[in-house]
Every structure is written in C-alpha cells, then in structure tokens.
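Per my numbering, the sequence shown starts with residue 94, numbered consecutively.
Note that the Cβ used here is the ideal one computed from N, Cα and C, for glycine as well.
Source: prediction; values computed, not measured.
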Amino acid sequence: MYRIAKNCPFRQLKIEQPWSPFVSSDTRIEKVRAITPIAPQGRKRGSPGFFDPILVIENMAAFNARGRGSLDSLRVARLRVLFELPADLGRASHPLAYIEWYTSLQRCDPNTKLYQELRSSRHRRPNAQIVSAERILGFCHLAAKCGAAIDSGWTTENVLDMAEAFLVNPYITLKTFSRSGLYPLDACL
94 MYRIAKNCPF RQLKIEQPWS PFVSSDTRIE KVRAITPIAP QGRKRGSPGF FDPILVIENM
154 AAFNARGRGS LDSLRVARLR VLFELPADLG RASHPLAYIE WYTSLQRCDP NTKLYQELRS
214 SRHRRPNAQI VSAERILGFC HLAAKCGAAI DSGWTTENVL DMAEAFLVNP YITLKTFSRS
274 GLYPLDACL
C-alpha cells in the first residue's frame with residue numbers, strides 16, 4: 094500500500110512492508126522523505142532538506158516474474174519530490190515521485206564486497222525520471238565511499254550531494270539484511 098502521509102502532504106511516503114518472520118509478525122510502515130530545506134528567517138533557525146535514497150523497481154514485470162529477492166529489476170535512486178497530478182489532468186492510482194537515478198547494482202567494491210553506486214547522468218545532468226510510487230520498494234542506506242582521508246566538508250546534510258561514490262549498506266536494517274537474495278553474499282566475490 095502506498096500513500097502520501099496525511100500529516101505532511103507531499104513530504105513523505107508511507108510504504109506498507111510485507112510481513113517478515115525476522116522482523117515482526119505484523120506488517121510494518123516504512124517512511125521515505127522528500128523534504129525541501131527551509132532557510133533561516135529572523136530568529137527562526139532553518140532546517141536541512143531530506144531527500145532519501147530508495148530502492149526502485151525498474152522493471153515491474155521482471156520483478157514479479159523473478160520474485161522479490163532478485164536484483165535484476167532493482168535500482169537505487171534518490172527521492173526528490175512527491176506529488177499528485179491536479180484533478181483536471183486526471184487521477185493516477187498512486188502518487189508520483191520525481192527521482193534521480195544512481196548506476197545499476199552491478200559494480201562491487203573489492204574491499205567491502207558491497208555494491209558501489211555512482212550518480213547516473215545524461216548530458217552532464219542528473220538522470221531523472223518520474224515514476225509511480227508503486228515502484229518504490231523502500232528506503233536504501235548509502236554510505237559515502239572515501240579513500241585514505243574523509244572530506245572535512247561532508248556533513249549529514251550534504252554528504253549525498255558532495256560524495257562521488259557510495260556503498261549500498263544492507264546491514265543497516267534487519268529488513269534489508271534478511272530480504273531473501275537481495276544482497277547475495279557471493280554476488281561481489
């Protein structure tokens with residue numbers, strides 16, 4: 094089930110996650126956010142924006158045919174905007190999301206054995222697309238890849254914008270760690 098959160102319209106999407114024996118006996122709600130930054134005004138402090146990285150089903154037919162554990166039809170993206178079409182343009186069955194793609198899940202980091210991601214671009218601009226919220230599988234944790242030294246300009250607010258390469262971290266939640274076949278141990282060997 095996919096819906097824009099009623100308490101914060103167009104800021105977050107609540108995704109009902111299927112039951113998992115490893116996580117809980119109940120279905121769970123996962124939130125992904127697309128919140129624009131607010132500049133400080135007078136005495137009010139501003140707040141940073143949150144544009145969550147997400148796992149997106151790139152090919153729904155292949156995803157359904159191969160099962161929920163297949164990586165073939167999944168891709169990492171960054172959620173930028175959640176919206177619905179105005180009523181005079183028709184009604185979509187799901188909210189829509191403007192996303193910016195990362196490269197496909199094929200390259201592995203030799204040291205960590207985790208998938209390595211780069212921002213995808215077209216003609217020197219972000220490779221972006223509008224997709225149905227139905228295709229958003231859930232949150233995906235990206236860790237910035239750094240060399241011998243960590244850039245001192247990185248903060249939690251800007252690291253997804255400033256870093257050039259990322260590692261997909263499957264160990265951040267039990268849901269992603271336990272998802273059958275999503276992060277096969279031998280995929281990067």
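### Message
Only counting the same chain, and skipping five residues up and downstream in sequence, which positions put a Cβ closer than 6 Å to that of residue 120?
### Response
109, 112
### Query
Cα separation between residue 208 and residue 231?
17 Å
#### Entry: With 16 other Cβ atoms within 10 Å as the buried cut-off, status of residue 145
buried
### Query
How about the stretch 188 to 202 and the stretch 222 to 231: do they share at least three Cβ pairs that are nearer than 8 Å?
yes
### Query
Do you know how far the Cα of residue 139 is from the Cα of residue 242?
30 Å
### Task
Can you grab the Cα-Cα spacing for the pair residue 175 / residue 151, in whole Å?
18 Å
### Task
Return the CA-CA distance between residue 221 and residue 213, expressed in angstroms with no decimal places.
9 Å
### Query
Should residue 170 be labelled buried (16 or more other beta-carbon atoms within 10 Å of its own) or exposed?
buried
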